[in-house]
Amino acid sequence: MKRIYTLALSGLLALLFLTTACTSSPQADTRRKYMWVDCESNFARMSCPDSIRHYTQRLHQIGFTDLVIDMKSIMGEVLYDSKIAPYMGEFKGTERPRDYDMLRYFLDEGHKLGMRVHASLNIFAGGHNFFKRGIIYNEHPEWQSMVYRPDGSIVPIEQITTNYNGMMNPSNPEVRAYEKSILVEITERYPDLDGLIFDRLRYDEITSDFSDLSRKQFEEWSGLKLERYPEDIIYWEGENWRPSKYFKQWIEWRATVIKSYVEELHTTLRKINPRLLIGDYTGAWYPTYFQVGVNWASTQYDPAKDYDWASDGYYKTGYADLLDIYMTGLYYTLVTKEDADIANGLAANDSRNEAAMDSSDRSYCYTVEGGAELARKITCGVVPVCGSLYVDQYGQDSELFAKAVRQVMKDNEGGLMIFDLVHIVEHDWWDILEKNIR
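Residue 170 is where the sequence shown starts when you use our numbering, and the numbers rise one by one after that.
Structure below.
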């Protein structure tokens with residue numbers, strides 16, 4: 170009897186220990202930590218296999234799970250031996266031989282450590298206007314966006330010297346076929362690639378594209394006949410554009426152009442590699458992001474209920490449902506909603522000015538915390554939101570950067586993306602990253 174009692178007591182204690190151990194042990198952190206490796210900023214640094222090995226190992230050691238390797242620059246040049254696109258064999262004095270396979274090195278080193286490795290590509294970017302370099306300057310000047318200027322003129326984007334992005338026209342069938350062929354090529358060339366992240370899958374701004382082709386396509390899609398173009402879409406009051414009578418239809422059509430391309434790419438690339446992750450990187454400022462023709466929300470969300478620029482059918486243009494990875498650019502130096510309250514009425518302190526971004530707006534959605542909150546709301550849980558930080562925006566303020574990292578890790582189940590490696594190296598913020606992503 171005593172032995173039975175002893176065994177029963179031992180079993181009870183063992184069960185109690187297991188229960189206690191399970192409830193007290195911390196849950197595994199499933200949030201991903203992505204480091205973006207920009208092709209231009211890191212061109213010299215990543216021109217040596219030993220350097221790739223060093224940084225891959227160091228990122229793994231401090232807790233990063235994923236690498237995003239920029240393989241197609243805003244100039245339209247690629248960093249692998251392509252049969253389609255021009256090879257980026259030189260940048261700012263550093264040269265690479267054509268057989269230098271940077272992505273292969275990253276894949277081999279990253280996979281050894283259990284990291285995922287993704288390739289990012291600038292989709293509709295075709296030139297760097299500051300360097301006068303890119304495919305819109307050489308191979309295909311006819312593909313560039315046509316920009317509607319305050320003086321009423323419509324000019325090629327290469328003439329806009331204040332804008333470094335030499336963007337192409339996303340509705341041009343030749344542009345779409347060309348970009349798709351590059352994505353197919355890289356997917357076939359690297360079958361062990363974990364994912365593709367689309368960048369600049371958009372129009373340049375609200376002022377483009379106003380080509381004759383876009384006019385014809387819009388009229389066919391809408392059934393409307395434009396009597397005054399572009400004035401029936403937008404018009405200028407001094408330096409400020411204003412919406413005109415067919416503005417909502419135009420906005421919906423442009424978003425349809427982008428969504429249809431995401432659908433096409435998703436179908437095509439998944440046929441080649443069914444396990445390939447499809448991702449997208451956009452700005453987080455949804456209230457004005459319609460200006461670049463992009464609706465990164467879920468179709469379950471209806472923006473017409475919240476925004477007067479959205480048509481009744483605009484919700485159909487959402488494409489979050491097609492993504493496995495969504496990175497939202499939280500390009501804000503105000504971290505919390507409380508910070509916005511404190512800063513209300515003050516001048517913006519943002520050092521990054523992206524397309525359609527209104528950095529003077531101090532509302533909650535223009536903070537790291539509020540931007541992530543809005544992204545979760547409009548993606549409706551169909552894809553995990555990965556909060557993305559632009560490191561250089563924080564200058565030398567390491568404490569503010571650390572605060573932003575902690576906020577992203579707290580708010581976003583999809584994890585954190587750091588843009589990009591060069592700034593961590595130059596600021597020597599390795600310890601700050603390691604401490605705050607954990």
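Ideal Cβ positions, reconstructed from N, Cα and C, are used throughout, including at glycine.
Considering only residues of the same chain and omitting the five flanking positions on each side of residue i, which have a CB-CB separation below 7 Å?
{"i": "Asp490", "result": "Ser467, Thr468 and Val551"}
{"i": "Tyr533", "result": "Lys506, Ala509 and Gly539"}
{"i": "His297", "result": "Ile243, Met244, Gly303, Tyr333 and Gly335"}
{"i": "Leu341", "result": "Note on residue identity: the sequence assigns Asn, not Leu, to residue 341. Contacts found: Trp312 and Leu382."}
{"i": "Glu603", "result": "Ile231 and Gly232"}
For residue i, which residues of its own chain have a beta-carbon under 6 Å away from its beta-carbon, when the five flanking residues on both sides are left out?
{"i": "His287", "result": "Val237, Asp363, Gly364 and Ile366"}
{"i": "Asn464", "result": "Ala424, Thr486 and Gly487"}
{"i": "Asp471", "result": "Tyr484"}
{"i": "Arg545", "result": "Val554"}
{"i": "Val537", "result": "Leu499, Tyr501, Val504, Ala573 and Gln576"}
{"i": "Glu246", "result": "Pro255 and Met257"}
Whole angstroms are fine: how far does the CA of residue j sit from the CA of residue i?
{"i": "Val574", "j": "Ser350", "result": "37 Å"}
{"i": "Ile402", "j": "Phe379", "result": "10 Å"}
{"i": "Tyr249", "j": "Pro319", "result": "40 Å"}
{"i": "Met204", "j": "Asp235", "result": "6 Å"}
{"i": "Leu382", "j": "Asp277", "result": "44 Å"}
{"i": "Leu370", "j": "Phe293", "result": "6 Å"}
{"i": "Arg227", "j": "Asp361", "result": "22 Å"}
{"i": "Thr497", "j": "Asn334", "result": "20 Å"}
{"i": "Glu432", "j": "Ile511", "result": "42 Å"}
{"i": "His309", "j": "Asn291", "result": "16 Å"}
{"i": "Gly407", "j": "Arg384", "result": "24 Å"}
{"i": "Thr548", "j": "Ala541", "result": "11 Å"}
{"i": "Tyr306", "j": "Leu352", "result": "22 Å"}
{"i": "Tyr415", "j": "Leu395", "result": "9 Å"}
{"i": "Glu582", "j": "Glu348", "result": "31 Å"}
{"i": "Met578", "j": "Pro443", "result": "29 Å"}
{"i": "Val206", "j": "Ser557", "result": "13 Å"}
{"i": "Ile587", "j": "Phe387", "result": "38 Å"}
{"i": "Ser210", "j": "Pro339", "result": "26 Å"}
{"i": "Asp561", "j": "Arg397", "result": "43 Å"}
{"i": "His592", "j": "Glu259", "result": "21 Å"}
{"i": "Pro456", "j": "Ile606", "result": "29 Å"}
{"i": "Arg201", "j": "Gly584", "result": "5 Å"}
{"i": "Gly295", "j": "Met337", "result": "6 Å"}
Let me know if residue i comes out buried or exposed under the rule of 16 or more other beta-carbons within 10 Å of its beta-carbon.
{"i": "Lys474", "result": "exposed"}
{"i": "Thr199", "result": "exposed"}
{"i": "Glu327", "result": "buried"}
{"i": "Asp600", "result": "exposed"}
{"i": "Tyr274", "result": "buried"}
{"i": "Glu374", "result": "buried"}
{"i": "Phe299", "result": "exposed"}
{"i": "Gln230", "result": "exposed"}
{"i": "Ile253", "result": "exposed"}
{"i": "Ser179", "result": "Confidence is the limiting factor: at Ser179 the pLDDT is only 42, short of 50, which leaves the residue's position unreliable and the question unanswerable from this model."}
{"i": "Ser322", "result": "exposed"}
{"i": "Pro399", "result": "buried"}
{"i": "Lys368", "result": "Note on identity: in this sequence residue 368 is Asp, with Lys being the wrong assignment. Asp368 is buried by the Cβ-count criterion."}
{"i": "Ile221", "result": "buried"}
{"i": "Gly477", "result": "Here the sequence assigns Asp to residue 477, which means Gly is not the residue at that position. Counting Cβ neighbours within 10 Å, Asp477 comes out exposed, since fewer than 16 surround it."}
{"i": "Gly283", "result": "exposed"}
{"i": "Gly262", "result": "exposed"}
Can you list, in chain order, the residues of its chain with a C-beta nearer than 8 Å to that of residue i? Leave out the 5 residues immediately preceding and following it.
{"i": "His280", "result": "Val286 and Asp361"}
{"i": "Leu569", "result": "Thr502, Val504 and Tyr563"}
{"i": "Asp438", "result": "The question names Asp, but residue 438 in the sequence shown is Leu. The residues are Leu352, Val353, Thr356, Leu365, Leu445 and Ile447."}
Following a CB-centred definition, is residue i positioned closer than 8 Å to any heavy atom of the ligand NAD?
{"i": "Arg222", "result": "As presented, the structure is devoid of all ligands, the ligand NAD included, so that no description of it is given."}
From the DSSP output, in three-state form, read off residue i for me.
{"i": "Trp219", "result": "Note on identity: in this sequence residue 219 is Asp, with Trp being the wrong assignment. If DSSP states are grouped into helix, strand and coil, Asp219 belongs with the helices."}
{"i": "Thr263", "result": "strand"}
{"i": "Val504", "result": "coil"}
{"i": "Leu619", "result": "Within the shown structure, residues of the chain are numbered from 170 to 607, placing residue 619 beyond reach of any answer."}
{"i": "Cys555", "result": "strand"}
{"i": "Glu209", "result": "coil"}
{"i": "Pro342", "result": "helix"}
{"i": "Tyr359", "result": "coil"}
{"i": "Glu396", "result": "coil"}
{"i": "Gly245", "result": "coil"}
{"i": "Trp599", "result": "helix"}
{"i": "Gln386", "result": "helix"}
{"i": "Asn513", "result": "coil"}
{"i": "Glu433", "result": "helix"}
{"i": "Lys301", "result": "coil"}
{"i": "Glu327", "result": "helix"}
{"i": "Gln226", "result": "helix"}
{"i": "Trp410", "result": "strand"}
{"i": "Tyr535", "result": "helix"}
{"i": "His287", "result": "strand"}
{"i": "Phe588", "result": "strand"}
For residue i, decide whether its Cβ has a neighbour in chain B, counting only Cβ atoms nearer than 9 Å.
{"i": "Val560", "result": "Protein chain content of the structure displayed is limited to a single chain, and chain B is not contained in it."}
Exercise. Are at least three pairs of beta-carbons, each pair with one atom in the stretch 434-453 and one in the stretch 384-395, less than 8 Å apart?
Worked result: no
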